[in-house]
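S.K.: Residue 209 in numbering that gives the first Met the number 0 is what sits at position 210 of the sequence shown, and the numbering runs on without skipping anything.
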Amino acid sequence: MTTNVFSGRPEAILFDLDGTLADTAPDLAAALNRLRADRGLTPAPYESLRPYASAGARGLIGAGLNLGPDAEEYEALRIAFLDNYAASIAVHSRLFDGVPDLLDRLQAAGIGWGIVTNKAMRFTDPLVPLIGLGHAGCIVSGDTTPHAKPHPAPLLEAAQRLGVAPAACWYVGDDMRDIQAGRAAGMVTIAAAWGYCGSDGPTQWNAHAIAESPLGLLNLIPHIGS
């Protein structure tokens, strides 16, 4: 990290959704295990599926059924998985501990915030208000722009919607693609170590900083603190 990265407060902070603001893994894992049940298989252990929750259908089908997009049955499974998820999208999903307080502190400090996720609008639009994030300054989904993360287009779209220059934004996420997208957009990037983080871990992602908890993020913001 360069010495002057945090020399000024951000005007806005953008967040990934799954694994960063919200713990959605239980409902995603349940959707995958319904696929297994339909195939006569026992449920996959939740602990084996959770790290892949930020990787969407591809990651979960790969982890839970050991099938990739090249498999003949993959597309039918992907559609069935997404239908399962849409039918029970917010049964167990919750905001991570500390997220409501974090967002309140940002608002009180005059720092805008928004959501940039690779989750499609089909799922983002109903989920966000159900888990208490309906007051986000902007919501950019995986199909809002022609490109999804790690392309910077969704982050640049969010900055434009908030009326903030990309260089004045931070992006926080729990997947390497989040850090790649944030850097490509010219934003300060923060790895959310409390999230799912896949199999490699945030120390390998070249983020500007790592936050261990939602409220720990405040320690990185000058003149706010936890």
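Even glycine gets a Cβ: it sits at the ideal position worked out from N, Cα and C.
1) Residue 211: which of 204, 194, 222 sits nearest, CA to CA?
2) Counting only the same chain and skipping the five closest in sequence on each side, list residues whose C-beta sits under 6 Å from that of residue 30.
3) Please check the pair residue 12 and residue 105, which I expect to be a contact at CB under 8 Å, by giving their CB distance rounded to whole angstroms.
4) When you compare each of 56, 10, 218, 220 to residue 109 by their alpha carbons, which one comes out closest?
5) Is residue 219 near residue 101, with beta carbons less than 8 Å apart?
6) Quick one: is residue 98 buried, meaning 16 or more other Cβ sit within 10 Å of its Cβ, or exposed?
7) Since residue 119 and residue 96 are thought to touch, with beta carbons under 8 Å apart, how far apart are those beta carbons, to the nearest angstrom?
8) Pick helix, strand or coil for residue 122, following the three-state DSSP scheme.
9) In whole angstroms, what is the alpha-carbon distance linking residue 159 and residue 60?
10) Would you check if there are 3 or more beta carbon pairs closer than 8 Å linking the segment 41-60 to the segment 177-196?
11) What separation, rounded to the nearest whole angstrom, lies between the Cα atoms of residue 26 and residue 161?
12) Give the DSSP bridge partners of residue 112, in chain order.
13) Examine the Cβ distances between the segment 64-76 and the segment 179-191 and report whether three or more of them are shorter than 8 Å.
14) So, with DSSP's three-state summary, where would you put residue 141?
15) I'd like to check one pair, residue 20 with residue 66: are the Cβ atoms closer than 8 Å?
16) Is residue 199 buried or exposed, if buried means 16 or more other CB atoms sit within 10 Å of its CB?
17) Check residue 248 in the structure and name its three-state DSSP category.
18) Check this for me: beta carbons of residue 14 and residue 114, under 8 Å apart or not?
19) On the premise that residue 55 lies in contact with residue 117, defined as a C-beta separation below 8 Å, what is that separation, rounded to the nearest angstrom?
20) Give me the Cβ distance between residue 278 and residue 191, rounded to the nearest whole Å; I'm assuming they're in contact under 8 Å.
21) Would you mind sorting residue 149 into buried or exposed? The rule is 16 or more other CB atoms within 10 Å of its CB.
22) I'd like the list of long-range same chain contacts for residue 28, defined as Cβ closer than 6 Å, with 5 residues on each side in sequence excluded.
23) Bridge partners of residue 214, per DSSP?
M.R.: On the basis of the data shown:
1) 194
2) 80, 83, 84
3) That belief holds up - the Cβ atoms of residue 12 and residue 105 are roughly 6 Å apart, short of 8 Å.
4) 10
5) no
6) buried
7) 27 Å between Cβ atoms; not a contact.
8) helix
9) 34 Å
10) yes
11) 30 Å
12) Note: residue 112 sits in a beta bridge opposite 12.
13) no
14) coil
15) no
16) exposed
17) Since the first and last residues shown for the chain are 0 and 225, residue 248 lies out of range.
18) Yes. Within cutoff.
19) 6 Å
20) Since the displayed the chain opens at 0 and closes at 225, residue 278 lies outside it and no answer follows.
21) buried
22) Only 45, 48 meet the Cβ criterion.
23) Note: residue 214 is not bridge-paired with any residue in the DSSP secondary-structure output.
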